[in-house]
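Colleague: Attaching a single structure in structure tokens format; questions to follow.
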Amino acid sequence: MATRAEIDMRTRLQNWLPKLVLSPSLGMIFVFVYGFILFTVYVSFTDSRILPFVDKNGQTTYELIGFTNYEKLFKLSHWDIAVWNMAVFAGLYIIICTLIGLLLAILLDQKIRGEGLIRPIFLYPMALSFIVTGTAWKWMLDPGIGFENIMQSWGWVSFSFDWIKNRDFALYTVVLAAVWQSSGFTMAMFLAGLRGIDTEILKAAQMDGASNWNLYRRIIIPQLRPAFLSAFVILAHLAIKTFDLVIAMTGGGPGRATELPATFMYSYTFSRNQMGIGAASAVIMLMTIAAIMIPYLYSELKERKQ
Amino acid sequence: MSVASQDSGMRQGRVARVFIYLVLLLFGLFYLLPLYVMGVNSFKPLSEITGGGMMALPEVWTVEPWLKAWSTAQIGVEPTGLRPYFWNSISMVVPAVAISTVLGALNGYVLTKWRFRGDTILFGLMLFACFIPFQIVLIPMAAVLGTLGLAGTTAGLVLVHLVYGIGFSTLYFRNYYAVFPTELVRAAQIDGAGFFRIFWRILLPSSGPISVVCIIWQFTNIWNDFLFGASFASGGGAPMTVALNNLVQSSTGVKEYNVHFAGAILAALPTLLVYIVAGRYFVRGLMAGSVKG
Numbered sequence: 001m002a003t004r005a006e007i008d009m010r011t012r013l014q015n016w017l018p019k020l021v022l023s024p025s026l027g028m029i030f031v032f033v034y035g036f037i038l039f040t041v042y043v044s045f046t047d048s049r050i051l052p053f054v055d056k057n058g059q060t061t062y063e064l065i066g067f068t069n070y071e072k073l074f075k076l077s078h079w080d081i082a083v084w085n086m087a088v089f090a091g092l093y094i095i096i097c098t099l100i101g102l103l104l105a106i107l108l109d110q111k112i113r114g115e116g117l118i119r120p121i122f123l124y125p126m127a128l129s130f131i132v133t134g135t136a137w138k139w140m141l142d143p144g145i146g147f148e149n150i151m152q153s154w155g156w157v158s159f160s161f162d163w164i165k166n167r168d169f170a171l172y173t174v175v176l177a178a179v180w181q182s183s184g185f186t187m188a189m190f191l192a193g194l195r196g197i198d199t200e201i202l203k204a205a206q207m208d209g210a211s212n213w214n215l216y217r218r219i220i221i222p223q224l225r226p227a228f229l230s231a232f233v234i235l236a237h238l239a240i241k242t243f244d245l246v247i248a249m250t251g252g253g254p255g256r257a258t259e260l261p262a263t264f265m266y267s268y269t270f271s272r273n274q275m276g277i278g279a280a281s282a283v284i285m286l287m288t289i290a291a292i293m294i295p296y297l298y299s300e301l302k303e304r305k306q
Numbered sequence: 307m308s309v310a311s312q313d314s315g316m317r318q319g320r321v322a323r324v325f326i327y328l329v330l331l332l333f334g335l336f337y338l339l340p341l342y343v344m345g346v347n348s349f350k351p352l353s354e355i356t357g358g359g360m361m362a363l364p365e366v367w368t369v370e371p372w373l374k375a376w377s378t379a380q381i382g383v384e385p386t387g388l389r390p391y392f393w394n395s396i397s398m399v400v401p402a403v404a405i406s407t408v409l410g411a412l413n414g415y416v417l418t419k420w421r422f423r424g425d426t427i428l429f430g431l432m433l434f435a436c437f438i439p440f441q442i443v444l445i446p447m448a449a450v451l452g453t454l455g456l457a458g459t460t461a462g463l464v465l466v467h468l469v470y471g472i473g474f475s476t477l478y479f480r481n482y483y484a485v486f487p488t489e490l491v492r493a494a495q496i497d498g499a500g501f502f503r504i505f506w507r508i509l510l511p512s513s514g515p516i517s518v519v520c521i522i523w524q525f526t527n528i529w530n531d532f533l534f535g536a537s538f539a540s541g542g543g544a545p546m547t548v549a550l551n552n553l554v555q556s557s558t559g560v561k562e563y564n565v566h567f568a569g570a571i572l573a574a575l576p577t578l579l580v581y582i583v584a585g586r587y588f589v590r591g592l593m594a595g596s597v598k599g
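Chains as they are written, first to last, in the numbering used here: chain Y, 1 to 306; chain E, 307 to 599.
Given below as structure tokens:
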């Protein structure tokens with residue numbers, strides 16, 4: 001027979017066990033996510049140039065310099081270009097993905113024969129690495145061997161398509177490849193939303209003689225609000241993180257035509273030895289994403305509580 | 307309604323349907339185009355590509371580009387092909403996926419069936435960690451990996467992917483277990499079953515679908531990662547994506563597009579296979595990834 005004290009111990013252990021199981025993960029998240037965020041914020045207030053922070057004599061290799069890195073960052077035309085490019089890229093990427101995604105979802109929702117075959121074709125790009133996508137589009141758009149060369153070899157000698165090498169248009173080629181990769185996934189989100197709509201309402205509206213166009217405009221699309229919101233949040237977050245695709249397609253060029261905050265941060269931190277400025281740019285990126293994600297996650301969690 | 311107008315209505319309907327199929331077909335071609343281009347050109351001699359035949363099927367079929375991409379192509383300074391990097395990626399992905407999935411399952415179990423004060427806030431903090439731009443952790447992570455002697459190693463990358471994978475795996479299992487009947491857990495508790503016993507006997511047996519989703523999601527994300535690989539393991543310990551990028555960007559010698567395409571397919575093959583085999587679960591996983599409970 002277990003003594004009373006033993007039973008007490010066991011109950012107490014059972015009470016603590018769940019928290020004990022959760023704690024390694026929480027510990028890792030606190031150190032590697034939130035601790036590291038604080039660390040990067042700290043680095044952004046220093047004149048650090050390269051790792052390590054402490055030299056072999058035990059001396060620190062940096063000094064605190066306040067907001068100087070942020071002042072420098074906002075004066076850099078390089079950063080200006082990266083931010084402006086991001087605005088153009090994210091705007092086009094989000095809008096085009098949403099439009100294509102919605103269109104394809106509505107079309108696929110018309111009792112299409114072979115939907116099971118079509119859907120995976122629209123979705124498979126999501127399974128690929130951006131480096132693979134970037135490599136494929138880089139060479140397809142390359143004037144030397146890609147579409148330009150193909151059209152010319154088919155007899156259209158004056159055909160010209162050199163956007164990827166052209167400062168004014170290179171960014172749009174990145175948009176094209178990014179849309180190729182993500183629009184099918186956006187379609188899946190809208191399709192799930194469409195399939196969740198109550199068919200009774202639709203039948204009633206149809207009985208009242210509503211045209212298809214009005215049905216979508218007045219009833220169905222307004223009901224897709226949550227899907228629009230999810231799509232926006234996920235696409236915006238993907239856009240701000242875009243890095244691999246640019247590296248694979250253009251390397252940020254020609255010139256700085258496709259430079260984005262993520263590539264800016266990487267090059268200032270790891271190749272230009274301006275780690276303080278790199279850290280400051282990372283902090284700005286985090287704040288931008290937080291401004292989008294925190295209200296969204298907050299409302300999601302609150303909704304679920306009810 | 308007169309017969310004539312009914313007829314025209316039907317014709318209109320038919321035209322609309324043809325139009326719908328046409329649009330779907332065009333988009334299908336758009337999505338398949340890069341796969342087609344990579345596929346056909348990886349079996350061509352280089353001269354056929356540079357001669358303007360990128361869209362054509364190979365005139366001479368050859369597996370030479372594949373062999374070269376796999377075992378002899380110049381990656382960085384070494385002519386090793388992509389093979390060693392493929393194995394780097396495998397040995398990085400397997401432990402990272404396994405551990406993050408197990409931890410995610412346990413976390414989801416605690417957060418739904420053993421709730422305590424403040425658990426929603428803790429979950430919120432884990433959830434936000436899924437969405438941070440990883441640039442914010444690159445500098446301290448590089449410093450820590452350097453201090454631990456893990457810079458440039460597969461073990462270092464496993465640690466990185468494990469840490470940043472836990473948020474998503476927890477999210478999946480939490481959402482899944484949230485709708486699992488809590489009464490079953492309470493009943494087992496009254497019968498005297500402990501924490502692990504309940505997990506093992508009651509929740510785990512019905513966790514098949516969500517485990518598949520979580521494993522596919524983690525596998526795809528970790529295999530496809532480039533940022534961490536490029537930042538922390540750019541040399542011999544590099545994963546497949548970094549090696550592929552090195553192969554394609556290499557500025558020395560002739561650009562061997564056919565080898566690049568074969569390499570790109572090699573890098574895409576594991577995730578594509580997973581997608582083909584378990585695509586339906588993958589789609590469901592993506593939906594759950596959109597933070598819908």
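A virtual CB, placed ideally from N, CA and C, is assigned to each residue, including glycine.
Since A570 of chain E meets chain Y, which of its residues come closer than 7 Å, beta carbon to beta carbon?
Modeller: Within 7 Å Cβ-Cβ: V132, T135, A136.
Colleague: Cutting at 8 Å between CB atoms, please list the residues of its own chain near L553 of chain E, excluding the five before and the five after it.
Modeller: Taken in chain order, the residues that qualify are A375, A379, Q380, I381, L388, V565, H566, G569.
Colleague: Taking the alpha helix (DSSP H) that M546 of chain E belongs to, which residues open and close that run?
Modeller: Unbroken alpha helix (DSSP H) run through M546 of chain E: 546-555.
Colleague: Would you mind working out which of Y:A87, Y:L13, Y:T40, Y:L297 sits nearest V175 of chain Y, comparing C-alpha positions?
Modeller: Closest option to V175 of chain Y, Cα to Cα, is Y:A87.
Colleague: With a threshold of 7 Å between beta carbons, is M307 of chain E in contact with chain Y?
Modeller: Confidence at M307 of chain E is low in this model, with a pLDDT of 42, below 50, so its placement is unreliable and the value that follows should be read with caution. No, M307 of chain E does not count as interfacial toward chain Y.
Colleague: For V485 of chain E, does the three-state DSSP call read helix, strand or coil?
Modeller: V485 of chain E: coil per DSSP, three-state reduction.
Colleague: In this structure, what does DSSP give as the bridge partners for I442 of chain E?
Modeller: Answer is none; I442 of chain E lacks a bridge partner.
Colleague: Find the residues of chain Y that neighbour Q441 of chain E, judging by a C-beta separation of less than 7 Å, and give them in chain order.
Modeller: The contacting residues are A262, M265, A282, M285.
Colleague: So Y587 of chain E contacts chain Y; which residues on that side make the cut at Cβ distance below 9 Å?
Modeller: Here the premise fails: no neighbours, minimum Cβ distance about 12 Å.
Colleague: Given a threshold of 16 other Cβ atoms within 10 Å of its Cβ, counted over all protein chains shown, does K241 of chain Y qualify as buried or as exposed?
Modeller: It is buried - the Cβ of K241 of chain Y has at least 16 other Cβ atoms within 10 Å.
Colleague: Would you kindly check if the distance between the Cβ of Y563 of chain E and the Cβ of W139 of chain Y is under 7 Å?
Modeller: Cβ atoms of W139 of chain Y and Y563 of chain E: closer than 7 Å.
Colleague: Helix, strand or coil for L331 of chain E? Go by DSSP, reduced to three states.
Modeller: Helix.
Colleague: What is the DSSP secondary structure of V54 of chain Y, counted as helix, strand or coil?
Modeller: Reduced to three states, the DSSP call for V54 of chain Y is strand.
Colleague: Note down the Cα distance separating F479 of chain E from G414 of chain E, rounded to an integer number of angstroms.
Modeller: Distance between the alpha carbons of F479 of chain E and G414 of chain E is about 5 Å.
Colleague: Between the beta-carbon of Q223 of chain Y and the beta-carbon of I197 of chain Y, is there less than 7 Å?
Modeller: Contact flag set, yes.
Colleague: Return the first residue and the last residue of the alpha helix (DSSP H) that A227 of chain Y is part of.
Modeller: That run of the alpha helix (DSSP H) goes 225-241.
Colleague: With three or more beta-carbon pairs closer than 8 Å as the criterion, would you say the region 495-509 of chain E touches the region 399-408 of chain E?
Modeller: Result no; under three Cβ-Cβ pairs closer than 8 Å.
Colleague: Spell out whether any CB of chain Y is found under 7 Å from the CB atom of L412 of chain E.
Modeller: Interface residue, yes.
Colleague: Please report how far the alpha carbon of E71 of chain Y lies from the alpha carbon of I522 of chain E, in whole angstroms.
Modeller: Taking the straight line joining both Cα atoms gives about 43 Å.
Colleague: Taking Cβ-Cβ distances below 8 Å as the criterion, which residues of the region 242-259 of chain Y are in contact with chain E?
Modeller: Here the close residues are F243, D244, I247, A248, G251.
Colleague: Report the neighbours of Q152 of chain Y on chain E: residues whose CB is nearer than 8 Å to its CB, in chain order.
Modeller: Chain E residues near Q152 of chain Y: G358.
Colleague: Looking at R503 of chain E and the ligand GDP, is the gap between the Cβ and the nearest heavy atom below 6 Å?
Modeller: Of the ligands one can find in the structure shown there are none, so the ligand GDP has no counterpart to examine.
Colleague: Our contact map puts N603 of chain E next to I131 of chain Y with C-beta atoms below 8 Å; I'd like the distance itself, whole angstroms only.
Modeller: Chain E is shown only over 307 to 599; residue 603 of chain E falls outside these bounds and no answer can be derived.
Colleague: Give me the DSSP bridge partner(s) of I381 of chain E.
Modeller: For I381 of chain E, which the question treats as bridged, DSSP gives the partners E:E384.
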